Amino acid sequence: MNASLTDACGVLVATLLGVPLILLPGYALGSLTGILGFRALGTGDRLLCAATLGLGLLPILDSLLVQAAGIPVAVLANVGLGLAGLAPAVRAFRSRIGFAAAAGPLALMLLWLGIVAYALIDIDTGTGLYQPVTVIDLVKHASLTRTIVEAGLPPLDPFFARPERAGYYYFFYTLCALVDWAGGALVDGRTAFAGMAFWTGIGLLGLLDRLLAATGLVRETSRRRVRLATLLLLPAGGLDILLVVRNRIETGLWIPMPEWLNEQVLNWPGSLVWVPHHVAGAIAGWLGLLALAEAADGQRRAPGATVIMAGTAFAACAGLSVWVCLGTVAAAGTWLALLAIERRWRAAGRLVASGLVAALLAAPYLSGLLASRSEAGQAIVFAVRSFGPIEGMADSWVLTLLRLILLPLNYYLAFGIFAAGALLFWRIVPRREAHAREAGRLLTIVAVTSLLIGGFLRSAILYNDLGWRVVLLAQVATLVWTVAALIRVAGERLRLPGLIAALLLLGYATTLYGFAGMRAYPASGVPSFAFLNGRPDIDRALRTAYTWAGTHLPRTRVLQHAPGAPRVFDFGLYGGQPVGVADREARLFGAPQAAVAERLAQVEPIFRDALDGDEVRRRATAAGIDALVVTAQDAPWANPDSWVWHGRPLYASPLVRILSVDDLGGWAR
Numbered sequence: 001m002n003a004s005l006t007d008a009c010g011v012l013v014a015t016l017l018g019v020p021l022i023l024l025p026g027y028a029l030g031s032l033t034g035i036l037g038f039r040a041l042g043t044g045d046r047l048l049c050a051a052t053l054g055l056g057l058l059p060i061l062d063s064l065l066v067q068a069a070g071i072p073v074a075v076l077a078n079v080g081l082g083l084a085g086l087a088p089a090v091r092a093f094r095s096r097i098g099f100a101a102a103a104g105p106l107a108l109m110l111l112w113l114g115i116v117a118y119a120l121i122d123i124d125t126g127t128g129l130y131q132p133v134t135v136i137d138l139v140k141h142a143s144l145t146r147t148i149v150e151a152g153l154p155p156l157d158p159f160f161a162r163p164e165r166a167g168y169y170y171f172f173y174t175l176c177a178l179v180d181w182a183g184g185a186l187v188d189g190r191t192a193f194a195g196m197a198f199w200t201g202i203g204l205l206g207l208l209d210r211l212l213a214a215t216g217l218v219r220e221t222s223r224r225r226v227r228l229a230t231l232l233l234l235p236a237g238g239l240d241i242l243l244v245v246r247n248r249i250e251t252g253l254w255i256p257m258p259e260w261l262n263e264q265v266l267n268w269p270g271s272l273v274w275v276p277h278h279v280a281g282a283i284a285g286w287l288g289l290l291a292l293a294e295a296a297d298g299q300r301r302a303p304g305a306t307v308i309m310a311g312t313a314f315a316a317c318a319g320l321s322v323w324v325c326l327g328t329v330a331a332a333g334t335w336l337a338l339l340a341i342e343r344r345w346r347a348a349g350r351l352v353a354s355g356l357v358a359a360l361l362a363a364p365y366l367s368g369l370l371a372s373r374s375e376a377g378q379a380i381v382f383a384v385r386s387f388g389p390i391e392g393m394a395d396s397w398v399l400t401l402l403r404l405i406l407l408p409l410n411y412y413l414a415f416g417i418f419a420a421g422a423l424l425f426w427r428i429v430p431r432r433e434a435h436a437r438e439a440g441r442l443l444t445i446v447a448v449t450s451l452l453i454g455g456f457l458r459s460a461i462l463y464n465d466l467g468w469r470v471v472l473l474a475q476v477a478t479l480v481w482t483v484a485a486l487i488r489v490a491g492e493r494l495r496l497p498g499l500i501a502a503l504l505l506l507g508y509a510t511t512l513y514g515f516a517g518m519r520a521y522p523a524s525g526v527p528s529f530a531f532l533n534g535r536p537d538i539d540r541a542l543r544t545a546y547t548w549a550g551t552h553l554p555r556t557r558v559l560q561h562a563p564g565a566p567r568v569f570d571f572g573l574y575g576g577q578p579v580g581v582a583d584r585e586a587r588l589f590g591a592p593q594a595a596v597a598e599r600l601a602q603v604e605p606i607f608r609d610a611l612d613g614d615e616v617r618r619r620a621t622a623a624g625i626d627a628l629v630v631t632a633q634d635a636p637w638a639n640p641d642s643w644v645w646h647g648r649p650l651y652a653s654p655l656v657r658i659l660s661v662d663d664l665g666g667w668a669r
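Everything in the sequence shown is counted per full-length UniProt numbering, starting at 1 for the first residue and increasing by one.
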């Protein structure tokens, strides 16, 4: 079958599986606990909230269950919980929503599903396979999902074969693994991830819906108008499109992703297809804070279930995104200090109790995470946030000073309309009104703490994921403020002021440019991207070869490709077996850097140099490799006397061969 059609079907099946595995269990949890006033919500609000609860609570519960009893048991538990929510959900849907009223939301959901598929599936022309630029991260998502399906939790390292488990925040991939397992042959790690990205978008809408209601900032406005304003703003990015134009003038090149020209504050659609696990972490963190805020206000009766659910959400946040969790912890600590100063001991006690619940639930995950990582240096360091336009212009101390002075401008460019909307909100809304409810005060606390962390700390493991992801918490707050401000100044028809309208259009341009770049990146002319999908014909052949290996070779057999390119993707996107070493970034999941370098030194010459079969076998055996995946791009392929062409391959096509290491040796070259 055509790979594009296979992927599209897989995404559709994975999305549909989210109903019994995510949506209905979330509905049941809301009905059972009454969290966020779930039982009093209208039908549409309840369905959105159910997606939020499913994403905010199930990751920790399912991860503990998978670790204790396996994936099949976790799938059955989710389905069983979903059945408890099915009857009331169907009853509410039939009695309160007509098909005409449901047509609009369904059309938007189909549009969102199409956007997700566009960003994540392969385009198969019959002669070549054209991959989106998102494979840069998708290789991690797909391979980690696969290892959980194959070996349970904690996951094995999908980038470096070793006995130790991977040190990574894996809760989102637990949900992906449930979808992958339940989907059987129709779903794989890539399409399961796409399905979960879809539901994360729905869960984000549910969170925004509850936050806008809980803060009371739009209580005098119709729900339809609030939703329209939210949907109008949600696709907008920052002002990175201006940096793209500047870069084009200076270099003559079109950078594929606009946010790569500065420290990232990625637009919501981009975050949802690139890093939905971090968005889910923000949803979980906000869910815990919001539940406690409503209890602190006395809006909801605060039974023990509120503390337990908030603690569960905080624990889920820790395993969905450790970087977002750091921001959530900092915000919770700040809030706790304020509650103590105000002598609001009951609210403070609930916050402390929920933290203890979170620590208890997350303890197995956190202990495994720390034990499986081998970094010798600091994971987080002090550094003023980089600002793309000035990088390289001055010496280090002068550059640091410039970064500090220009940090407000840096954030304004990155947030765009949401920075302007936040400033407008604070100009027209008195602080007493903005903080009239605890949820409103939390918007300020969370925004300030996450911006400070993102402005003055950075992660030191490969990339600055801390600085890029912790600001998601502030992005939620600024979006809520912008919606509230627009509703107050734009009138019934949402007529936008001139500056806001201009910033919104520039934000749309940033997002649209980024999504166009996901497919048009080969035309960008950026030299550093030449390796990415550089041979679509070989990528298509590799997808076929790895699919064959997944059904014909033992799942424990270690397959090894040429790891010399800056990044390698096909092994993780399509493979079903472990890999000896992925590429030069194989330490992502905690493998020791020295061990990665040593294995690369063993393996790279196999695919680069003219070695005889005995030497190839010796090197592969020393690296724990069972079979070699060789393509027409590898140097030995062009030599008819090389080891590639001796012996009987396990698999052979015009562009790819898979050879058993045991069959190598006994010939010159």
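Just so you know, even glycine gets a beta-carbon here, dropped at the ideal spot from N, CA and C.
Everything numeric in this text was worked out from a predicted model, so none of it was measured.
Limits of the unbroken beta strand (DSSP E) element including Leu628: Position 628 of the sequence shown, counted from the first residue, corresponds to residue 628. Run containing Leu628: Ala627 to Thr631, per the beta strand (DSSP E) assignment.
Buried or exposed by the 16-neighbour rule on C-beta atoms within 10 Å, applied to Gly590: If you number the sequence shown from 1, residue 590 lands on position 590. The residue is buried, with at least 16 neighbouring Cβ atoms inside 10 Å.
Beta-carbon proximity of Ile606 to Arg619, cut-off 8 angstroms: Position 606 of the sequence shown, counted from the start, is the residue given in the question as residue 606. Position 619 of the sequence shown, counted from the start, is the residue given in the question as residue 619. In this structure, Arg619 lies closer than 8 angstroms to Ile606 by Cβ.
Under 8 angstroms between C-beta atoms of Ala331 and Thr449: As a first step, residue 331 must be located in the sequence shown, where it is residue number 331. As a first step, residue 449 must be located in the sequence shown, where it is residue number 449. Their beta carbons are under 8 angstroms apart, which means Ala331 touches Thr449 by this criterion.
Those residues which DSSP pairs with Val581 across a bridge: Along the sequence shown, one-based indexing puts residue 581 at 581. Bridge partners of Val581: Phe160.
Arg223, enclosing alpha helix (DSSP H) - first and last residue: Locating residue 223 in the sequence shown gives position 223, counting from the first residue. Arg223 to Leu233 is the extent of the alpha helix (DSSP H) around Arg223.
Length of the line joining the Cα atoms of Pro430 and Ala282: Along the sequence shown, read from residue 1 onward, the residue named residue 430 stands at position 430. Along the sequence shown, read from residue 1 onward, the residue named residue 282 stands at position 282. Near 27 angstroms, if we compare the C-alpha coordinates of Ala282 and Pro430.
beta-carbon Leu472 near the ligand NAD non-hydrogen atom, thresh 7 angstroms: This structure lacks the ligand NAD; in fact it carries no ligand of any kind.
For Ile123, three-class secondary structure by DSSP: Taking the sequence shown and counting its residues from 1, one reaches residue 123 at position 123. In this structure, Ile123 counts as strand in the three-state DSSP scheme.
Three-state secondary structure assigned by DSSP to Gln264: The residue you call residue 264 lines up with position 264 of the sequence shown. Three-state DSSP puts Gln264 in coil, outside helix and strand.
Nearest neighbour of Val13, chosen from Thr127, Phe198, Tyr365 and Thr134 [CA to CA]: Within the sequence shown, residue 13 is the residue found at index 13, counting from 1. Closest by alpha carbon: Phe198.
Boundaries (first-last residue) of the alpha helix (DSSP H) holding Phe425: Sequence index remark: in the sequence shown, residue 425 carries index 425 (1-based). Note, Phe425: alpha helix (DSSP H), Ile417 to Ile428.
Alpha-carbon spacing of Ala173 relative to Pro269, whole angstroms: One-based indexing of the sequence shown puts residue 173 at position 173. One-based indexing of the sequence shown puts residue 269 at position 269. Ala is not the amino acid found at residue 173; the sequence shown has Tyr there. Spanning the two alpha carbons is a distance of roughly 19 angstroms.
Buried versus exposed, by CB contacts within 10 Å (16 or more), Pro578: Working through the sequence shown from its first residue, we reach residue 578 at position 578. Flag for Pro578 reads buried.
Assigned exposure category for His552 - 16 Cβ within 10 Å defines buried: For the purposes of this step, residue 552 is taken as the residue at position 552 of the sequence shown. Counting Cβ neighbours within 10 Å, His552 comes out exposed, since fewer than 16 surround it.
Same chain, Cβ closer than 7 angstroms to Ser31, neighbours up to 5 away in sequence not counted: Counting from one through the sequence shown, the residue named residue 31 turns up at place 31. The residues are Phe38, Arg39, Gly85 and Pro88.
Leu503 to Arg343 span [Cα, whole Å]: Residue mapping note: residue 503 aligns to position 503 of the sequence shown, counting from 1. Residue mapping note: residue 343 aligns to position 343 of the sequence shown, counting from 1. Using only the alpha carbons, I get a separation of about 43 angstroms.
Alpha-carbon to alpha-carbon, Leu506 and Gly252: Taking the sequence shown and counting its residues from 1, one reaches residue 252 at position 252. Taking the sequence shown and counting its residues from 1, one reaches residue 506 at position 506. If you take the alpha carbons of Gly252 and Leu506, they lie about 21 angstroms apart.
Segments of 4+ residues assigned as alpha helix (DSSP H) that fall wholly inside the segment 266-337: 268-274, 276-297 and 304-320
Reference Pro276, options Ser222, Gly238, Leu204 and Ala103, closest by Cα: Here the question's residue 276 lines up with position 276 in the sequence shown. Among Ser222, Gly238, Leu204 and Ala103, the Cα nearest to that of Pro276 belongs to Leu204.
Reduced DSSP category for Arg91 - H, G, I as helix; E, B as strand; rest coil: Along the sequence shown, read from residue 1 onward, the residue named residue 91 stands at position 91. DSSP places Arg91 in helix when its eight states are reduced to three.
Test: Val630 CB closer than 8 angstroms to a CB of chain D: Here there is only one protein chain, and chain D is not present.
Beta bridge counterpart(s) of Arg458 as assigned by DSSP: In the sequence shown, the residue the question calls residue 458 occupies position 458. Looking at the DSSP assignment, Arg458 forms a beta bridge with Val381.
Endpoints, beta strand (DSSP E) assigned at Ile658: Within the sequence shown, the letter at position 658 stands for residue 658. Counting along the chain, the beta strand (DSSP E) containing Ile658 begins and ends at Val656 to Ser660.
Arg519, DSSP secondary structure in three states: Reading the sequence shown from its first residue, position 519 is the one you call residue 519. In this structure, Arg519 counts as helix in the three-state DSSP scheme.
Own chain residues within Cβ distance below 7 angstroms of Pro649, not counting five before or after: Numbered from 1 along the sequence shown, position 649 holds the residue referred to as residue 649. Around Pro649: Arg657, Ile658 and Leu659.
Simplified DSSP assignment, three categories, for Ala652: Against the sequence shown, residue 652 aligns to sequence position 652. In this structure, Ala652 counts as strand in the three-state DSSP scheme.
Nearest candidate by alpha-carbon position, reference Pro59, set Trp274, Phe314 and Asp537: Walking along the sequence shown from the start, residue 59 turns up at place 59. Ranking Trp274, Phe314 and Asp537 by Cα distance to Pro59 puts Phe314 first.
Exposed unless 16 or more other CB atoms sit within 10 angstroms - verdict on Ala668: Counting from 1 along the sequence shown, the entry for residue 668 is found at position 668. Residue placement at Ala668 is flagged as unreliable, the pLDDT there being 45, under the threshold of 50; the coordinate-derived value follows with that caveat. It counts as exposed.
Val322 beta carbon less than 8 angstroms from that of Tyr169: Taking the sequence shown and counting its residues from 1, one reaches residue 169 at position 169. Taking the sequence shown and counting its residues from 1, one reaches residue 322 at position 322. Yes. Within cutoff.
Classification of Tyr365 by the beta-carbon crowding that lies within 10 angstroms, buried from 16 upward: Numbered from its first residue, the sequence shown carries residue 365 at position 365. Tyr365 should be labelled buried.
Proximity winner among Phe415, Gly455, Ala420 and Pro554, relative to Leu239 (alpha-carbon distances): As a working mapping, residue 239 is identified with position 239 in the sequence shown. Here the closest residue by C-alpha is Phe415.
Inter-stretch contact (C-beta, 8 angstroms, three-pair minimum) for the segment 522-537 and the segment 248-263: yes
Buried or exposed by the 16-neighbour rule on C-beta atoms within 10 Å, applied to Gly18: Counted from its first residue, the sequence shown places residue 18 at position 18. So Gly18 counts as buried.
Proximity below 8 angstroms, CB of Ala437 to CB of Leu129: Here residue 437 is taken as the residue at index 437 of the sequence shown, counted from 1. Here residue 129 is taken as the residue at index 129 of the sequence shown, counted from 1. The question names Ala, but residue 437 is Arg in the sequence shown. No, the Cβ-Cβ distance between Arg437 and Leu129 is not below 8 angstroms.
Alpha-carbon to alpha-carbon, Ala280 and Leu339: Looking up residue 339 in the sequence shown gives position 339. Looking up residue 280 in the sequence shown gives position 280. Taking the straight line joining both Cα atoms gives about 27 angstroms.
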